[in-house]
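Here the protein sequences come in this chain order: A and B.
So for the first sequence, the numbering used here puts the first residue at 1; every next one is plus one.
So for the second sequence, the numbering used here puts the first residue at 198; every next one is plus one.
2 protein chains.
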Amino acid sequence: MGGPEIERLIGLLAKLPGLGPRSARRAALRLLQHPESRMLPLATALTEAARAVKPCRLCGNLDSRDPCSICDDPHRDHATICVVEGVGDLWALERAHVHRGIYHVLGGTLSALAGTRPEDLNLAPLLGRIEGDEVREVILALGATVDGATTAHWLTERLRPTGVTITRVAQGVPIGGALDVLDDGTLAAALRARRPF
Amino acid sequence: MGGPEIERLIGLLAKLPGLGPRSARRAALRLLQHPESRMLPLATALTEAARAVKPCRLCGNLDSRDPCSICDDPHRDHATICVVEGVGDLWALERAHVHRGIYHVLGGTLSALAGTRPEDLNLAPLLGRIEGDEVREVILALGATVDGATTAHWLTERLRPTGVTITRVAQGVPIGGALDVLDDGTLAAALRARRPF
Ligand SMILES: [Zn+2]
Ligand SMILES: [Zn+2]
Numbered sequence: 001m002g003g004p005e006i007e008r009l010i011g012l013l014a015k016l017p018g019l020g021p022r023s024a025r026r027a028a029l030r031l032l033q034h035p036e037s038r039m040l041p042l043a044t045a046l047t048e049a050a051r052a053v054k055p056c057r058l059c060g061n062l063d064s065r066d067p068c069s070i071c072d073d074p075h076r077d078h079a080t081i082c083v084v085e086g087v088g089d090l091w092a093l094e095r096a097h098v099h100r101g102i103y104h105v106l107g108g109t110l111s112a113l114a115g116t117r118p119e120d121l122n123l124a125p126l127l128g129r130i131e132g133d134e135v136r137e138v139i140l141a142l143g144a145t146v147d148g149a150t151t152a153h154w155l156t157e158r159l160r161p162t163g164v165t166i167t168r169v170a171q172g173v174p175i176g177g178a179l180d181v182l183d184d185g186t187l188a189a190a191l192r193a194r195r196p197f
Numbered sequence: 198m199g200g201p202e203i204e205r206l207i208g209l210l211a212k213l214p215g216l217g218p219r220s221a222r223r224a225a226l227r228l229l230q231h232p233e234s235r236m237l238p239l240a241t242a243l244t245e246a247a248r249a250v251k252p253c254r255l256c257g258n259l260d261s262r263d264p265c266s267i268c269d270d271p272h273r274d275h276a277t278i279c280v281v282e283g284v285g286d287l288w289a290l291e292r293a294h295v296h297r298g299i300y301h302v303l304g305g306t307l308s309a310l311a312g313t314r315p316e317d318l319n320l321a322p323l324l325g326r327i328e329g330d331e332v333r334e335v336i337l338a339l340g341a342t343v344d345g346a347t348t349a350h351w352l353t354e355r356l357r358p359t360g361v362t363i364t365r366v367a368q369g370v371p372i373g374g375a376l377d378v379l380d381d382g383t384l385a386a387a388l389r390a391r392r393p394f
C-alpha cells in the first residue's frame with residue numbers, strides 16, 4: 001500500500017511514545033501530503049539535532065552546548081545541585097521555573113529488577129563538583145517509587161562523607177508517580193517543602 | 198532548554214496529528230537518547246519518502262510508483278472504481294481487504310464552508326477512465342457528512358450521462374462520521390450493502 005518508503009515511515013513513527021499504529025498512519029499521511037513544508041523540515045530538524053545535541057559532560061543534560069546552557073549560566077546558583085533521574089525530569093522542573101540552581105542527571109535509578117547498579121549511573125561528575133566547587137546543597141528530586149527511594153538512600157550514604165547538605169523533595173510527589181508528569185504547582189510545592197534527608 | 202535544535206524538533210513534532218506538546222517532548226527525548234538507532238533512521242525515512250512518494254496520475258493515491266501499485270495491478274478489477282475523499286480512506290479500505298477493484302481519490306469534498314468547489318477536486322482522470330476504459334461501476338465511498346452527501350449528489354449528476362452504474366456505501370457509516378476511523382467489519386458491511394444512487 002504505497003510502497004516500502006511509506007511502510008517504513010509509518011513503522012518508525014509508530015515506535016514513538018504516544019503514537020500507536022493508527023496515529024502513526026495519520027501522522028505519516030499528513031507529512032506525505034506536505035513534503036516540502038512539513039516532511040523535509042522535520043527530516044532536517046532530526047538530522048540537525050542528532051548532529052548538535054550531546055549530553056553535558058558536567059551534568060548529563062542534553063544540549064547543543066557542552067557544558068550545557070544551564071551549567072554555563074552565571075546567573076544560576078551553582079551551589080545548589082538538583083539531582084534527577086532523567087532529562088525529562090529536568091525539563092519538567094525547568095518548565096515549572098521552581099529551581100534556580102543547577103542540575104545533575106543520573107541517567108537512571110538503582111533497580112534490582114532492571115539490573116541497574118551504581119556503576120551504571122552517571123555519578124563521577126557529581127562527586128567531582130561536590131569536592132571541587134563550593135556546593136552547599138544537593139536536592140534529591142527522584143520519583144516516589146521503590147527504585148527512587150533506594151537510589152536516594154544509596155546516594156545519601158555515598159555523599160554524606162563530603163559534608164554537603166542533602167535534602168529531598170518531599171510533598172506532592174504521589175506514591176508510585178514519576179516526576180515528569182506532575183503539574184507545575186505540585187512540583188513547586190514539592191521543591192519548597194524539601195527537608196533534610 | 199537544550200538549545201534551538203531541541204526546541205525546533207519539539208515544535209515540529211507537536212504539529213503532527215495525535216501529538217500534543219507533552220507527547221512531542223516525550224517523543225523528542227526518546228529520539229535524542231537514541232540518535233543513531235532512532236533519530237537518523239527517521240530522518241532518512243522522511244527524506245526518502247519525500248523524494249519517492251507522489252500522487253498517482255490516474256487515481257490520486259500516494260505511492261512511490263506512478264501509476265500506483267493498485268492501478269498497476271492486473272489482478273484487480275479495473276471495471277469497479279471506488280471513489281474516496283482522501284488517501285486515508287483508501288488505506289482504511291485496503292486494510293479491511295473489502296474492495297478488489299481500483300480507487301479514485303477526490304482530494305476533498307465539496308464544501309460551502311471550506312470554499313471547496315468542483316474545480317478544486319481531482320475529477321478529470323476519473324472522467325477520462327470512465328470514458329476510455331471499460332468501467333462498469335463507480336462506488337461512492339464518501340463520509341456520511343453534509344459535505345460527503347453534497348459531493349455524492351453532485352458526482353452522481355456529473356457521471357449520469359456516461360451511463361456508468363453508480364452505487365454508494367450504505368449501511369454502517371455513522372451519521373457525521375468519517376470513513377477512516379471505522380473498524381474493518383463496519384467497512385465490509387457498508388461496502389457489501391451498497392445500493393444504487
Ligand atoms: Zn550541564
Ligand atoms: Zn493509482
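Using N, Cα and C, we set each Cβ at its ideal position, and we do this for glycine too.
Note that the coordinates shown come from a computational prediction; the quantities given were computed from them, not determined experimentally.
Asked                                                                                                                        : Found
Cβ pair T80/A, G107/A closer than 8 Å                                                                                        : no
Limits of the beta strand (DSSP E) - the one that R365/B falls within                                                        : 362 to 365
Residue from K251/B, Q230/B, I203/B, R223/B with nearest C-alpha to L29/A                                                    : K251/B
Supposed close pair L142/A, G148/A - CB separation, criterion 8 Å                                                            : 4 Å
Cutoff 6 Å; reference A14/A; Cβ partners in own chain excluding five residues on either side                                 : P21, A24
Chain A contacts from the region 275 to 296 of chain B (Cβ-Cβ distance under 7 Å)                                            : V284, G285, W288, E291
Under 7 Å from the C-beta of R8/A: neighbouring residues of chain B                                                          : A242
Cβ pair count under 8 Å reaching 3, the region 229 to 243 of chain B against the region 266 to 277 of chain B                : no
Beta-carbon neighbours of G215/B, restricted to chain A and to distances below 7 Å                                           : L19, S23, R26, A27
I278/B CB to nearest heavy atom of ligand 2 below 7 Å                                                                        : no
Closer than 7 Å: P322/B CB and nearest ligand 1 heavy atom                                                                   : no
Close beta carbons around V87/A, own chain, < 8 Å, minus the five adjacent residues each side                                : G60, N61, L62, V105
G215/B beta carbon less than 8 Å from that of L9/A                                                                           : no
Contacts that L228/B makes with chain A (C-beta to C-beta distance below 9 Å)                                                : L16, L46, A49, A50
Contact with chain A by G200/B, beta-carbon distance below 8 Å                                                               : yes
Contact set between L40/A and chain B, taken where Cβ atoms lie within less than 8 Å                                         : L243, T244, A247
Cα-Cα separation between M198/B and W91/A, rounded to whole angstroms                                                        : 7 Å
Residue range of the beta strand (DSSP E) that includes G298/B                                                               : 298 to 302
Whole-angstrom C-beta distance between V138/A and V164/A, which should lie under 8 Å                                         : 5 Å
E328/B and T359/B closer than 8 Å at C-beta                                                                                  : yes
A221/B, DSSP secondary structure in three states                                                                             : helix
Rounded straight-line distance, which links the Cα of R38/A to that of H350/B                                                : 34 Å
Cβ distance (whole Å) where L213/B is taken to contact A27/A below 8 Å                                                       : 4 Å
Ligand 2 heavy atom lying under 7 Å from the CB of P315/B                                                                    : no
C-alpha distance - A321/B paired with T342/B, whole-angstrom precision                                                       : 24 Å
Whole-angstrom distance between A309/B and R355/B, CA atom to CA atom                                                        : 18 Å
N122/A beta carbon near ligand 1 (any heavy atom closer than 7 Å)                                                            : no
I278/B (DSSP reduced to helix, strand or coil)                                                                               : strand
Cβ-based burial, R129/A [other Cβ within 10 Å; buried from 16]                                                               : buried
Closest by C-alpha distance to V281/B, when choosing among L337/B, R254/B, D274/B, D330/B                                    : L337/B
For S234/B, three-class secondary structure by DSSP                                                                          : helix
C59/A: CB within 7 Å of a non-hydrogen atom of ligand 2                                                                      : no
Interface flag, R57/A vs chain B, CB-CB below 8 Å                                                                            : no
P264/B Cβ short of 7 Å to ligand 3 heavy atom set                                                                            : No copy of ligand 3 appears in this structure; the ligands present are ligand 1 and ligand 2.
Any non-hydrogen atom of ligand 1 closer than 7 Å to I207/B Cβ                                                               : no
Those runs of the alpha helix (DSSP H) which lie wholly inside the region 109 to 164 of chain A and span at least 4 residues : 124 to 132, 146 to 159
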